[in-house]
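Heads up: the sequence shown begins at 1 in the UniProt record's numbering, then just goes up one per residue.
As C-alpha cells, the structure follows; a few thoughts come after it.
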Amino acid sequence: MFRGLLNQGLAIVLVSHDLGVIRYLTKRVYVMKDGVFVESGDTETIFNDPQQAYTKELLASIPGTLGVAARKKLQG
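So this is what it looks like as C-alpha cells:
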C-alpha cells in the first residue's frame, strides 16, 4: 500500500520503531532522540554510514545485523 502511494508521488510521514520497515519503505529518514532530531538524510546513507553516535547505537541494536556479542541494548 505505502509503496503504491509513494510511486504516485505522495508524501507519507511514517513514525516507527521498526527500522526494517523504515529502511524498506522510505527514501529519507530522520532519527529522533528525546524529541530532538539528531540526524537526517537519505535512508541508505544513514543505514550504511551513520554520523551521530546515537544513530550508530540505534542501528547496532537491530537484531540480526550484528553478532549477539556486538549488539547493544539502548539506554533511555
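By construction, the Cβ of each residue, glycine as well, lies at the ideal position given by its N, Cα and C atoms.
Cβ neighbours of residue i in the same chain (closer than 7 Å, five flanking residues each side left out)
i          : result
residue 81 : The chain is shown only over 1 to 76; residue 81 falls outside these bounds and no answer can be derived.
residue 33 : 54
Helix, strand or coil at residue i [DSSP, three-state]
i          : result
residue 13 : coil
Other residues of its chain near residue i: CB distance less than 6 Å, five sequence neighbours each side excluded
i          : result
residue 26 : 43
residue 52 : 38 and 39
residue 70 : Unreliable placement is indicated for residue 70, whose pLDDT of 48 sits below 50; the coordinate value is still reported in the next sentence. Taken in chain order, the list of residues that qualify is empty.
Threshold first: 4 residues or longer. Then list the alpha helix (DSSP H) segments lying entirely within the segment 34-63, N to C. Runs found: 43-48 and 53-60.
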